[in-house]
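Accompanying notes for the structure given below.
In the numbering used here, the protein residues as written are 65 to 177.
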């Protein structure tokens with residue numbers, strides 16, 4: 065999860081973190097340094113957190129990641145995140161079928177996917 069605006073070419077979207085809700089549950093891990101009240105600076109790595117899930121099957125892992133992304137909330141003035149974009153990638157038929165390539169991101173942004 066990055067503090068970036070995918071609609072604007074993934075430019076950093078810094079600001080004060082007024083609300084932070086981290087996902088949880090079995091086989092969900094969040095690695096982060098961010099706490100509510102922190103300020104995401106404009107000239108630093110925009111990585112907010114690494115979100116990792118596990119499940120015995122790909123479709124179950126994708127469903128678990130969707131749930132975790134739905135639960136994940138980072139908000140404050142100026143902050144935009146890659147959360148919605150990541151959910152779009154997970155929902156794409158090529159990704160779900162494991163037939164995706166690195167070009168999927170560009171395809172989604174350009175409307176070709």
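For every residue, glycine included, the Cβ atom is placed at its ideal position computed from N, Cα and C.
Let me know the secondary structure DSSP gives residue 119 once reduced to three states. Collapsing the DSSP output to three states places residue 119 in coil.
Exposure of residue 167, with buried meaning 16 or more beta-carbon neighbours within 10 Å: Exposed, by the Cβ-count rule.
What residues match up with residue 113 in a beta bridge as DSSP calls it? In DSSP, residue 113 forms a bridge with 96.
Thinking C-alpha only, which one of 107, 92, 98, 91 is nearest residue 139? Nearest of 107, 92, 98, 91 to residue 139, Cα basis: 98.
Sheet register partners of residue 175 (DSSP bridge): Note: residue 175 sits in no beta bridge, so no partner.
Could you say which of 71, 81, 70, 74 lies nearest to residue 142 if we only look at CA atoms? Considering only alpha carbons, the answer is 81.
Taking the alpha helix (DSSP H) that residue 147 falls in, what are its first and last residues? Its alpha helix (DSSP H) spans residues 147-155.
Measure the C-alpha to C-alpha separation of residue 133 and residue 117 and round it to an integer number of angstroms. Taking the straight line joining both Cα atoms gives about 10 Å.
Exposed unless 16 or more other CB atoms sit within 10 angstroms - verdict on residue 163: Exposed, since its Cβ has fewer than 16 Cβ neighbours within 10 Å.
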